[in-house]
Amino acid sequence: MRIAYVFLGAFLAIAQSAYAEVASPPVLAPLKRQAQAAELSAQFLSRYSYKPVPLDDALSARIMDGFIKSLDPDRMLFLQADIDRFMSDRNEIDDAIERKDLKIPFAIFNAYEQRVVDRMNYARSLLKQGFDFSTQENYSVLRDKAPWSQSEAESNELWRKRVKSDWLRLKLGGKTDAAIRETLDKRYENTLERAYKFKSDDVFQSFMDAYSTSIDPHTDYFGAAASADFNVSMKLSLFGIGAVLQERDDYTTIRELVPGGPAQLSGKLAVGDRITGVGQGKDGAIKEVVGTRLDEVVQMIRGKKGSVVRLDILPADAGADGTHRVISLVRDKISLDKQAARKTVLSVKAGDATRKIGIITLPVFYEDFEAKGKGDKDYKSASRDVAKLLDELKQEKVDSVLIDLRNNGGGSLDEAIDLTGLFIGNGPVVQQRRSDGKIEVKSAEFAAPVWTGPMGVLINRGSASASEIFAAAIQDYGRGVIVGEPSFGKGTVQTVIDLDQIVRNSKPEFGELKVTIAQFFRVNGGTTQLRGVTPDIGLPGLSDPTVFGETSYDNALPWAEIKPANYTPADTVTTLLPTLQSRHDARVGSDPDFQRLLKDIADLKAQREKGVISLNEAERRKEATAREKRFKDRAEAGDGEDLGDDGLEAGERSLSADIAIENARKNAKDVLLDEAAAILADEVDLQEGMLKAATKPSGNTDGK
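Using the numbering used here, the first residue of the sequence shown is number 67, and each one after it goes up by one.
Structure (structure tokens):
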């Protein structure tokens with residue numbers, strides 16, 4: 067095939083002339099190492115994936131479609147004419163990758179940047195005039211399948227409604243016209259500025275994301291930055307100063323200080339302080355970072371343990387011309403404890419008794435692979451931390467344990483197996499089938515379970531992969547009751563390949579591939595693929611399964627089944643389920659909090675299915691009044707405060723206001739967790755009743 071790039075060059079020239087009054091964003095070009103990394107990735111993905119997909123015209127088309135969707139998912143930026151031009155190269159990406167030529171995706175991205183600049187400037191121009199909110203018109207909020215705008219005039223009309231919608235939301239939140247203009251102008255300006263900060267690596271990462279997920283939904287490419295973030299998420303640690311940073315109005319701002327980290331221990335930093343410069347070592351020059359991308363500032367602040375970083379600080383309470391101070395901090399190992407396993411205890415009434423339910427929340431199945439490989443006996447891992455928490459709960463004499471895996475997207479397979487072992491001891495946990503058809507049974511190898519009492523697992527649509535392995539094994543063994551909504555449905559196994567190691571690079575250049583290498587199956591022979599884990603006791607969820615979950619992917623592997631493993635299930639939980647269900651139904655039927663949650667879910671679903679919102683102020687105020695009444699009723703019932711909708715986005719409020727809202731949401735009543743704990747309390751009550759019945763002396767049979 068022959069590829070022509072003439073049209074793209076011509077298109078960009080036209081685009082730039084059309085927006086001559088605005089400075090064009092930088093034209094980004096591919097680097098040699100990126101083209102090499104793409105070609106090397108193609109070799110692996112075409113040969114070694116669980117279901118190898120050849121790099122041909124068909125895959126090329128999928129990559130193109132995925133790349134465009136990632137840039138403009140709501141079809142708000144590109145015109146139909148842009149798409150028509152892009153599509154002439156739809157079947158050419160395969161040949162371009164093999165030739166180590168990435169001009170096609172970079173040309174598309176450059177066009178995307180220009181469209182962002184154009185649309186944001188148009189949006190800002192609309193703020194000068196205001197809007198008439200007495201007219202009857204709607205704005206579509208579901209545009210992922212909408213037609214592309216046929217002309218600039220049509221795009222202008224679309225954006226007029228978008229800006230009008232943003233304005234109305236702020237107006238309903240109580241903002242004045244002057245405040246609305248200022249807020250929206252800054253919002254659109256921030257989006258505009260981001261378009262000028264894109265780098266070549268951003269384009270390549272986006273393109274490789276589109277390529278890898280075209281193979282299957284869980285194959286990924288990690289550039290240097292993404293690879294570092296993935297490793298941090300698995301280790302739950304990094305070397306730095308121990309500060310959570312946020313970009314606010316071009317400043318890198320301290321949002322939180324990690325307890326025990328260098329920043330907090332120094333006493334020299336406070337939440338809200340702004341970092342305006344970063345210097346390396348005791349004497350290194352301080353480089354100004356105002357306006358610099360947050361990820362770049364983070365990389366400058368992270369470094370080797372024991373090394374010095376110097377920060378130029380503008381205090382939180384100082385104006386832009388306030389007095390700065392320079393501080394020195396010694397980098398140290400920072401543990402990300404917020405993602406680590408944690409526990410709490412709930413007291414729940416069940417029958418005539420009050421039961422203590424130990425809750426262990428596990429956000430991710432983490433494991434420090436590097437420390438483990440080096441033989442570190444104290445390496446960080448999810449199962450080790452949970453084992454310690456179980457010992458503590460034993461000391462607190464809890465009656466049952468609930469493992470909360472909501473929104474736990476997975477992690478280490480070994481950790482899922484070991485976590486299961488804490489509750490079953492020794493036995494098969496999961497079966498793994500490789501691409502050659504060979505099946506391996508992976509087992510937990512504990513001499514005895516750490517926790518032998520009643521237990522359960524709470525899952526939702528965000529519980530995936532390792533979470534599903536654990537929940538499925540607990541269910542198949544009849545070890546505990548599974549509560550929640552059907553899980554994600556990811557039944558595949560991935561491994562990470564370091565491309566630089568493959569070619570023996572002395573320094574990292576090519577990144578890493580996370581490649582699907584196997585499919586896992588439950589010990590009962592089924593798989594969680596597509597169907598997920600179906601709970602024993604179902605709870606409602608807010609997620610939309612049509613857009614979130616394995617079934618939302620058009621290239622997901624199908625459901626399958628193999629022979630069961632050799633395991634011995636118990637039937638204790640199974641016999642209790644009918645009674646647990648009836649008690650649950652009776653309880654939630656009269657629980658006002660649970661009924662309000664059901665009403666919220668129904669309203670959200672109705673709005674989702676409607677797909678449009680009114681731009682008529684009277685109609686929206688009527689909706690807002692009904693919503694506010696519901697919030698007020700909840701507040702009076704003691705179920706949290708009314709957060710309402712002020713129309714602002716994250717970063718547009720004061721930092722203290724953002725933190726207050728975040729804390730209010732964290733502290734809001736967790737209706738689903740409370741009900742899951744109540745189900746486990748019922749389980750304890752029923753098991754004790756069965757035990758008493760089994761040990762009660764039988765009546766005399768000899769007539770005496």
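The C-beta atom is built at its ideal place from N, Cα and C for all residues, glycine as well. Note that the structure is a prediction, hence the values are computed from the model and not measured.
Helix, strand or coil at residue i according to DSSP, with G and I counted as helix
i	result
K580	strand
G755	helix
Q595	coil
Q195	coil
Y178	helix
S648	helix
D150	helix
V639	helix
L238	helix
V782	Limits of the chain in this structure are 67 at one end and 770 at the other, which puts residue 782 out of reach.
T761	helix
G326	coil
N204	strand
E627	coil
T617	helix
T691	helix
F435	helix
G306	strand
R719	coil
E164	helix
First and last residue of the uninterrupted beta strand (DSSP E) at residue i
i	result
K508	I505 to E511
S126	S126 -> not in any beta strand (DSSP E); alpha helix (DSSP H) instead, spanning D123 to L137.
P494	N492 to R500
Q312	A309 to R314
T249	Element bounds for T249: not the beta strand (DSSP E) but the alpha helix (DSSP H), D243 to A261.
V364	Segment L360 to I367 is the alpha helix (DSSP H) holding V364; no beta strand (DSSP E) there.
Member of the options whose CA lies at the smallest distance from the CA of residue i
i	options	result
I307	L323, V589 and L94	L323
R185	V229, A730 and E313	V229
A101	S115, W517 and S266	S266
E259	L224, K241, E728 and E313	E313
R190	N222, K166 and Y114	N222
G477	K556, V547 and A419	K556
Y205	M130, L739 and E683	E683
K463	P283, K422, N474 and K446	K422
S449	A419, F435 and L488	L488
G347	R391, G604, S332 and L395	L395
Whether residue i touches residue j by CB criterion (8 Å)
i	j	result
L377	I393	yes
R141	E575	no
K573	D659	no
F273	E179	no
D316	V356	yes
V414	R397	no
N187	V93	no
Q498	E511	no
R588	E551	no
I667	P606	yes
V750	P515	no
D268	K580	no
R472	L402	no
N474	V430	yes
T319	L681	no
P120	A261	no
P650	I679	At residue 650 the sequence reads His, which differs from the Pro that was named. Contact: no.
M300	Y432	yes
Limits of the alpha helix (DSSP H) - the one that residue i falls within
i	result
M521	No alpha helix (DSSP H) contains M521, which is instead part of the beta strand (DSSP E) from M521 to I525.
T279	S266 to I281
R113	K98 to R113
K676	P658 to K676
Q216	Neither: Q216 is in no alpha helix (DSSP H) and is coded neither H nor E.
K399	Where K399 is concerned, there is no enclosing alpha helix (DSSP H), although the beta strand (DSSP E) it sits in stretches over D398 to S401.
S449	A448 to Q461
Q541	A532 to D542
Assumed close pair residue i, residue j - CB separation to whole angstroms, cut-off 8 Å
i	j	result
I483	V495	5 Å
V337	M366	At roughly 20 Å, the Cβ-Cβ gap does not stay under 8 Å, so V337 and M366 are not in contact.
S126	R156	7 Å
F536	L485	5 Å
G522	I548	7 Å
V455	K409	It should be pointed out that residue 455 corresponds to Leu in this sequence rather than to Val. Right, their Cβ atoms sit about 5 Å apart.
Proximity test, residue i beta-carbon vs the ligand NAP heavy atom, cut-off 7 Å
i	result
E689	Ligands are entirely absent from the displayed structure, and the ligand NAP is therefore not among its contents.
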